[in-house]
Each structure stands twice: as C-alpha cells, then as structure tokens.
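Engineer: Structure provided below as structure tokens; questions to follow.
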Amino acid sequence: MITIALPKGRIADETLEIFRKIFGGAFEFEDRKLILSEGQFNFLMVRNQDIPTYVTEGAADIGVVGLDVLEEHQPDVVRLLDLHIGKCHVCVGIKEGHEIDYTQPEIRIATKMPNIARNYFAQKATALKIIKLYGSIELAPLVGLSDGIVDVVETGTTMKQNGLKVGETIMTSSAHLIANKNSFIIKKAEILELYAKIKNEIKS
Ligand code: PRP
Numbered sequence: 001m002i003t004i005a006l007p008k009g010r011i012a013d014e015t016l017e018i019f020r021k022i023f024g025g026a027f028e029f030e031d032r033k034l035i036l037s038e039g040q041f042n043f044l045m046v047r048n049q050d051i052p053t054y055v056t057e058g059a060a061d062i063g064v065v066g067l068d069v070l071e072e073h074q075p076d077v078v079r080l081l082d083l084h085i086g087k088c089h090v091c092v093g094i095k096e097g098h099e100i101d102y103t104q105p106e107i108r109i110a111t112k113m114p115n116i117a118r119n120y121f122a123q124k125a126t127a128l129k130i131i132k133l134y135g136s137i138e139l140a141p142l143v144g145l146s147d148g149i150v151d152v153v154e155t156g157t158t159m160k161q162n163g164l165k166v167g168e169t170i171m172t173s174s175a176h177l178i179a180n181k182n183s184f185i186i187k188k189a190e191i192l193e194l195y196a197k198i199k200n201e202i203k204s
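Per full-length UniProt numbering, the sequence shown runs over residues 1 to 204.
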C-alpha cells in the first residue's frame, strides 16, 4: 500500500483525475470522509500547509504540495516531480494607489508565509514586522493592520476585489509530488513505478 496526502481543493481533484486516467477507477472521496482506499492506494485529505507534516512524519509515503509550501517549510523530503497543476504566484500586495514606504522605521507585512516574506524583505534593508495570519490576508492592509501583504495569487481576483494591487512576484509555484525519505527506501520500487506512470500521464 502507498499512502498519499492530498491538499483539499482543486489540486486534490486534479491529482485524483490523474489517477483515474492511469488506473481507471473511481478515485473519489465520499462526502466528508478524509480517507479513501482504492486499489493499492490510501489517500488522505489534508490541509495544504499540513502536507509536509504528514510526509516528514511518515503518516503518508507521498504528498502533493505547492512549491510555495515547500519553500516556506523546507521539509526534509524527496522532491519527485512537478505536476504542473495548481500554478500560482507568491506576490507582494499593496493598497491600490499606495507604495510601501521603505523610509519608515519598520514595515509591517501580513502573511501566512513568514519565512518567504522575511527572506524577500531581507534584501530591502528595512526593519520588518511580520504579522502572521491564517487566512483572509487581503484584509490586513485595508484595516491598517499592515503596510502590505505577501500572499498567493492565482487569478488576482481576491486582491482586486479588495482594492489591492499585485506588486512584485516573489516566486512562482505549482504542485509537486514529494516522498517520505524512509518510504523512498523501503517502497522504492512501488514509488518509482507510480512516479513513472504519473510522469507519463502528465506529459500526454
Ligand atoms: C488563496 C490566497 C488568496 C487567494 C488568491 O487563498 O490566500 O486569498 O487564494 O486567489 P485569487 O488570486 O485567484 O483570487 P485560498 O483560498 O487558497 O485559501 P487559504 O487562505 O485557506 O490558503
């Protein structure tokens, strides 16, 4: 058996679609169930940011996770493959008509990605206060909680509808297939077989 952690939402749906195409089964989670067993696979429905934990701890052999999450958490895993789905950018967001004033003693950035934000602003030679949030990041500059944000931009709709403009792109992301280091030794043949099948499917 191979256990695979999937991030709730569109990336999970698209990954299961890849499995349907390869193996021809249903590969569909029932309603609110968080585990799906099909053939030689157990799928776990997990929150995006929790995927590295499931994989590094060995609760899942394999995970599908955004490069942005890998960059943020730097988990000690084997990076197998870029699935070329879930493409997005990590960008700076600022209130429309405003610029970040780098001359002020400290700039405040709201984000759910403190490490990516800190690394980026380290190049700006400014004192930085990170305001860690877990969602609705776009709200922070609107209510004076921060001077700007660092967040995921997919279509740009959320920033636009909230009066923010997309500033500099810090990184581009897409979903990657990762493996637990021990699983990659113990289940190497199975994992590499799956890797080859997925690689072949996403090419076609
Ligand atoms: C992300 C991100 C933005 C939104 C961007 O949140 O934090 O709010 O998507 O997408 P857009 O550019 O297409 O408008 P998401 O809904 O993934 O949820 P999360 O905050 O729970 O991670």
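Where a beta carbon is used, it is the ideal one built from N, C-alpha and C, also for glycine.
(1) Please state the DSSP three-state secondary structure of M159.
(2) With a threshold of 8 Å, establish whether the CB of I137 neighbours any heavy atom of ligand 1.
(3) Which partner residues of K95 appear in the DSSP bridge assignment?
(4) Could you tell me if V64 is buried or exposed, where buried requires 16 or more neighbouring beta carbons within 10 angstroms of its beta carbon?
(5) So, using beta-carbon positions, are S173 and V90 closer together than 9 Å?
(6) Which full runs of the alpha helix (DSSP H) of 4+ residues lie inside the region 52-129, going along the chain?
(7) For R10 and R79, I'd like the C-alpha separation in whole angstroms.
(8) Whole angstroms are fine: how far does the CA of V150 sit from the CA of E201?
(9) Does the region 125-141 come close enough to the region 155-175 to have 3 or more Cβ pairs within less than 8 Å?
(10) Is K165 near ligand 1, in the sense that its beta carbon is under 8 Å from a heavy atom of that ligand?
(11) Sorry if obvious, but does the Cβ on T157 come closer than 8 Å to a heavy atom of ligand 1?
(12) If you follow the beta strand (DSSP E) that A175 is part of, which residue opens it and which one closes it?
(13) Around the C-beta of E72, are 16 or more other C-beta atoms found within 10 angstroms, so that it is buried, or is it exposed?
(14) To the nearest angstrom, report how far apart A12 and G93 are at their CA atoms.
Structural biologist: The structure says:
(1) helix
(2) yes
(3) L164
(4) buried
(5) yes
(6) 67-73 and 114-122
(7) 21 Å
(8) 34 Å
(9) yes
(10) no
(11) yes
(12) A175 to A179
(13) buried
(14) 27 Å
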